[in-house]
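These notes are about the structure you will find just below.
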Amino acid sequence: MDQAEKLRQLVNIKNGKNYKFRVITVSSGKGGVGKTNLVINLASSLKKRGMKVAVLDADFGMANVDILYGINAEYSIYDILHNNKEINEVMVLTDDGIVVIPGGSGIKELSELDADMRKKLIKEFEKLHDIDILLVDTGAGMSSTVLNFIEVADVVVIVTNSEPTALTDAYSLIKVVLKGNINSNINVVINRARNIKDARDTFDKLKRTVDAFIGREIKYLGYIPDDQKVGQAVREQKPFIITYPRCEASICIHKISSELLGKSSSQKSSSMKDYFSRLLRIMGR
């Protein structure tokens with residue numbers, strides 16, 4: 020392959036062409052660590068890199084992707100199941116072109132669907148065949164639903180911070196995932212770090228515990244600093260990467276999205292249809 024062909028391939032990847040569909044599931048051991056804020060800003064960063072991105076709000080208890088985006092989500096997956104809505108009526112498009120799929124109470128029903136309802140849901144998600152990356156924002160903790168979403172992910176991102184309770188809960192989630200052989204591709208983002216040293220020290224503390232008691236590998240993906248622009252963007256109901264593109268937190272988000280695009284991972288699903296087929300099969304077992 021000559022240099023020109025390599026360059027063409029790189030451009031195609033950047034433009035979202037010939038890019039293998041990938042599912043990135045973002046979870047946390049406890050609530051309030053900034054998981055959803057990471058998701059919406061990662062989505063915008065990946066979109067800026069030419070990816071066609073969808074966000075599935077799978078946190079049926081504290082669903083707030085729409086709130087952070089400042090959008091009105093009138094329907095959810097529940098309405099596909101019970102009110103004959105189609106996916107194009109349920110999904111909401113953000114100002115920067117992210118497809119948001121509100122899960123609502125429909126998420127907790129996924130494990131109880133009969134064959135006809137599963138077929139109906141899969142048929143709707145087949146319509147989103149051009150999505151390159153699906154970001155899944157799960158609930159916090161270790162419910163069976165969260166673990167199912169983690170199992171079918173190509174890449175798992177665990178969000179935590181330096182608080183002892185957050186680290187303890189992150190370790191508990193990682194332990195269940197790794198010891199149960201649910202998923203081995205575990206990546207950690209440290210949120211609200213004072214600086215890069217604080218972030219690395221926090222990750223190293225978690226990694227040492229995982230090494231000592233589980234003997235498995237977790238990877239450092241990056242950090243988000245304790246940047247006042249993050250709080251301002253939340254109040255404005257916009258991703259900080261859009262409203263404050265030059266702030267330190269935005270720079271860190273772009274680094275994380277670069278890491279994610281550069282990571283090699285096994286492709287478990289080839290499309291949105293394939294992903295939801297696998298997810299529903301696992302949830303119903």
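Heads up, my numbering is the position in the sequence shown plus 19, with the first residue counted as 1.
Note that the Cβ used here is the ideal one computed from N, Cα and C, for glycine as well.
What you are looking at is a predicted structure, and each value in this text was computed from that prediction instead of being measured.
Under a Cβ-count criterion, where at least 16 other Cβ atoms within 10 Å of its own Cβ denotes burial, should residue i be classed as buried or exposed?
i: K138; result: exposed
i: Y294; result: buried
i: I275; result: buried
i: R300; result: exposed
i: I215; result: exposed
i: D173; result: buried
i: H101; result: exposed
i: G241; result: buried
i: L26; result: Below a pLDDT of 50, predicted positions are generally treated as unreliable, and L26, at 39, falls in that range; no measurement from the model is reported.
i: P244; result: buried
i: Q28; result: Summary for Q28: the model assigns pLDDT 43, below 50, so the residue's position carries little reliability, and this model does not support an answer.
i: F222; result: buried
i: S289; result: exposed
i: S285; result: exposed
i: L298; result: buried
i: F79; result: buried
At which residues does the beta strand (DSSP E) containing residue i begin and terminate?
i: N210; result: I205 to A212
i: S46; result: R41 to S46
i: G241; result: K238 to P244
Following the continuous alpha helix (DSSP H) through residue i, name the residue where it begins and the one where it ends.
i: G250; result: Q247 to E255
i: K127; result: K127 -> no alpha helix (DSSP H), and no H or E assigned at all.
i: M136; result: A134 to F144
i: V165; result: S163 to E170
i: D217; result: I215 to F232
i: M291; result: M291 to M302
i: E278; result: E267 to G281
Quick one: measure Cβ to Cβ for residue i and residue j, integer angstroms, because I've assumed they're closer than 8 Å.
i: V52; j: V178; result: 5 Å
i: G250; j: S130; result: Not a contact, Cβ separation roughly 36 Å.
i: I141; j: S296; result: 5 Å
i: I193; j: F144; result: I193 to F144, Cβ: 29 Å. No contact.
i: D156; j: V74; result: 6 Å
How about residue i: is its C-beta nearer than 9 Å to some C-beta of chain B?
i: L147; result: Among the chains in the structure shown there is no chain B, since it carries only a single protein chain.
Could you say which of the options lies nearest to residue i if we only look at CA atoms?
i: R41; options: M70, V208 and T55; result: M70
i: N200; options: Y88, N167, E145 and K67; result: N167
i: V175; options: N206, V196, D188 and V195; result: N206
i: A159; options: K146, Q247, G50 and K198; result: G50
i: K254; options: L75, D135 and Y88; result: Sequence check: residue 254 is Arg here, not Lys. Nearest C-alpha to R254: Y88.
i: A218; options: K226, I209 and K224; result: I209
i: Y263; options: Y38, G48 and S64; result: S64
i: M291; options: D114, K127 and V171; result: V171
Which partner residues of residue i appear in the DSSP bridge assignment?
i: D76; result: P121 and D156
i: V175; result: T44 and I205
i: L112; result: V118
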